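Residue numbers (my numbering), protein chains in the order written: chain Y, 425 to 757; chain F, 1386 to 1665. Every residue gets a Cβ at the ideal spot worked out from N, C-alpha and C, and that includes glycine. Bear in mind that the values here come from a model prediction, so they are computed numbers and not experimental data.
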């Protein structure tokens, strides 16, 4: 019997392999199959229709799926580790929903007309407020029920306010966007969006990865962690900032995509052993793989319809969440 | 007691119908942008009491000036009921709940289907004329439209005519069985939606548009300058890479959005716009 720790490099290797494979597949699959190698020959100078589609439509889509999936998986793993709460996840905690609210505010108040980066920044502020509020509400207790209920309240409130803004907007197309902001989609995004969100997601991701050692210590209890020289306050600050920056920017360009941060860490946890720190890189890779696969799936089953990504992740995620609730109760009884 | 109540109710429900039979309606309320414009074109002064708020919006209504003197409604049953109309004209697919409720309340409601061709426009115009008691005015309008269509007729049906397609917010385009299709055809172009087998108005993924590669891409100017996320696809780099200025056609939504005799102007406007773009 091999222990999880000896499997760890193999796990990361497998996930990376899957990631590359799905990335290439994501470039090829769409309305018609396009040979992904064409990208190599046409990069920077696309001339044919196929080359334009690869360069300008599918490449940004695949890159965004990787980045957004990674940050969602990673933030899920960090939140679960830091709050020591197996149900923590940016979608369930209302962080994605408040980020959507921030993005919608930026677009329809006209802020984005001044500067394009107003979009991710405003979403980031929304996400920051959510994480901050949750921290303030839940405090040190970290009670599972309180934090989930607080998340439900935040999600509903943000969704309602987002609808309110979109309905009140004099822009005739605004009300049609409600579904996008609630469910998320990567359809027809461009490299512009990659450059808008990319830098923030990278910074947020780096911050979150930085918490690995502290999370390992925390898994032994707060007192032990402090005696090991881990500053709870600093870890909290990094977690809040990393999640807000990363998830905020991701939501600004793709809408709120739920459950990725819930499913991925849970599936991977048994494979990495009970070390929260190790779970972080694995969850980032796993999140990217999961979102790439989901995005390929929506294109394969309904190519014309722009089925929202959040629909697929919720259909997979909600039953998983319920199963998790049941198994948690069984464990505690 | 019960019997009397039934008789009174039945009588009350018959009253508006009796009013119509006796003469033409005196208080007409329209709740749909397109029936608004037909009614404004045909109604005698004072007959049309209220039109929808969309008609007052100069960016989508060709008759916003005419709507100024009228009451503006928002398609809500309560406000329409309080206007005490003896005829309500509505679109077939909009404000469904309102229409059903008004019917329950015993109001005479006439629904108009969207015009899918100039023939539909002629039919809808005549029907509105009949309802308002302005049959002659309607006939004159239809005749004028037919004369104009004859004048603009495109003689040669060259099978190699250029293909022209529209692209709007949220990647929507139109195909066969739409007014857009009829206008584009009458202007002397093949219609992209028609060519790739689309019926009605539906979503066309950006990829599919790039692959279909129409000779001209028509974008509604009202959409192009819009700041919403829905409109962001119209400034996607893939569109710029594929469709240069000389293949972009900008169109005024107001002439295309509604099946009224005014839509005939869209034909010449489209031809001029294409000529203007090709010269770039």
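What is the residue span of the alpha helix (DSSP H) that residue 1455 of chain F lies within?
First-last for residue 1455 of chain F: undefined, no H or E at that position.
For a quick check, are the C-beta atoms of residue 1508 of chain F and residue 1514 of chain F less than 7 Å apart?
Their beta carbons are not under 7 Å apart, which means residue 1508 of chain F does not touch residue 1514 of chain F by this criterion.
Spell out a yes or no on whether the stretch 455–462 of chain Y and the stretch 641–653 of chain Y are touching, meaning 3 or more CB-CB pairs, one atom from each, closer than 8 Å.
no
To the nearest angstrom, report how far apart residue 756 of chain Y and residue 686 of chain Y are at their CA atoms.
20 Å
Establish whether the CB of residue 1659 of chain F and some CB of chain Y are separated by less than 7 Å.
no
Taking residue 1546 of chain F as the reference, give the member of F/1526, F/1608, F/1573, F/1562 with the closest Cα.
Comparing Cα positions, the closest option is F/1573.
I'd like to know if residue 1591 of chain F contacts chain Y, where contact means its C-beta is closer than 7 Å to some C-beta of that chain.
yes
Let me know the secondary structure DSSP gives residue 1438 of chain F once reduced to three states.
helix
Look at the alpha carbon of residue 549 of chain Y and the alpha carbon of residue 1471 of chain F, and state the distance between them as a whole number of angstroms.
Using only the alpha carbons, I get a separation of about 54 Å.
Put residue 1575 of chain F into one of helix, strand or coil per three-state DSSP.
strand
Quick one: list the residues of chain F neighbouring residue 548 of chain Y, beta-carbon separation under 8 Å, in chain order.
By Cβ distance, chain F contributes nothing, its closest Cβ being about 17 Å from residue 548 of chain Y, past 8 Å.
Going by DSSP in three states, residue 1550 of chain F sits in which element: helix, strand or coil?
strand
Along chain F, which residues have their Cβ under 9 Å away from the Cβ of residue 615 of chain Y?
1622
Using the rule of at least 16 other Cβ atoms within 10 Å of the residue's Cβ for burial, across every protein chain shown, is residue 577 of chain Y buried or exposed?
Sixteen is the threshold: since fewer than 16 other Cβ atoms of the shown chains lie within 10 Å of the Cβ of residue 577 of chain Y, the residue is exposed.
The alpha helix (DSSP H) spanning residue 1706 of chain F covers which residue range?
Any question about residue 1706 of chain F goes unanswered here, given that chain F covers just 1386 to 1665.
Quick one: list the residues of chain Y neighbouring residue 1611 of chain F, beta-carbon separation under 7 Å, in chain order.
595, 597
As a quick exercise: from F/1615, F/1654, F/1595, pick the residue whose alpha carbon is nearest that of residue 1628 of chain F.
Ranked by Cα distance from residue 1628 of chain F, the first of F/1615, F/1654, F/1595 is F/1595.
From residue 491 of chain Y to residue 1588 of chain F, what distance separates their C-alpha atoms?
27 Å
May I ask you to list, following chain order, the residues of the stretch 599–610 of chain Y that have a beta carbon less than 9 Å from some beta carbon of chain F?
600, 601, 604, 605
From the beta carbon of residue 473 of chain Y, is the nearest beta carbon of chain F less than 7 Å away?
yes
Does the beta-carbon of residue 474 of chain Y have 16 or more other beta-carbons within 10 angstroms, so that it is buried, or is it exposed?
buried
Going by DSSP, what residues sit across from residue 1689 of chain F in a beta bridge?
This structure gives no information on residue 1689 of chain F, because the portion of chain F shown stretches from 1386 to 1665.
Round the Cβ separation of residue 1459 of chain F and residue 1438 of chain F to the nearest angstrom and send it over; I've been treating them as touching at under 8 Å.
5 Å
Just the C-alpha distance for residue 1648 of chain F and residue 1583 of chain F, rounded to the nearest angstrom, thanks.
22 Å
According to a CB-to-CB cut-off of less than 8 Å, which residues of the stretch 720–739 of chain Y neighbour chain F?
727, 728, 729, 730
Using a Cβ-Cβ cut-off of 7 Å (strictly less than) and excluding sequence neighbours within five positions of residue 677 of chain Y, which residues of its own chain qualify?
488, 613, 617, 620, 621
By the 8 Å beta-carbon criterion, what residues does the stretch 1423–1439 of chain F contribute toward chain Y?
none
How would you write the range of the alpha helix (DSSP H) that residue 1649 of chain F sits in, first residue to last?
Run containing residue 1649 of chain F: none; DSSP gives neither H nor E here.
With burial defined as no fewer than 16 other Cβ atoms inside 10 Å of the residue's Cβ, what is the status of residue 1571 of chain F: buried or exposed?
buried
Out of Y/599, Y/743, Y/483, which one is the CA nearest neighbour of residue 451 of chain Y?
Selected option, being the one with the closest Cα: Y/483.
Mind checking who residue 1588 of chain F pairs with in its DSSP beta bridge?
F/1557
What residue range does the alpha helix (DSSP H) around residue 616 of chain Y cover?
Element bounds for residue 616 of chain Y: 615–633.
Span of the alpha helix (DSSP H) holding residue 658 of chain Y?
656–678
List the residues of chain Y whose Cβ lies closer than 8 Å to the Cβ of residue 1586 of chain F, in chain order.
Within chain Y, no residue comes near residue 1586 of chain F; the closest Cβ sits about 13 Å away, beyond 8 Å.
Give the DSSP-derived three-state secondary structure of residue 440 of chain Y in the structure shown.
helix
Grouping DSSP H, G and I as helix and E and B as strand, with all else coil, what is residue 764 of chain Y?
Nothing can be reported for residue 764 of chain Y: it is not among the residues displayed for chain Y, which extend from 425 to 757.
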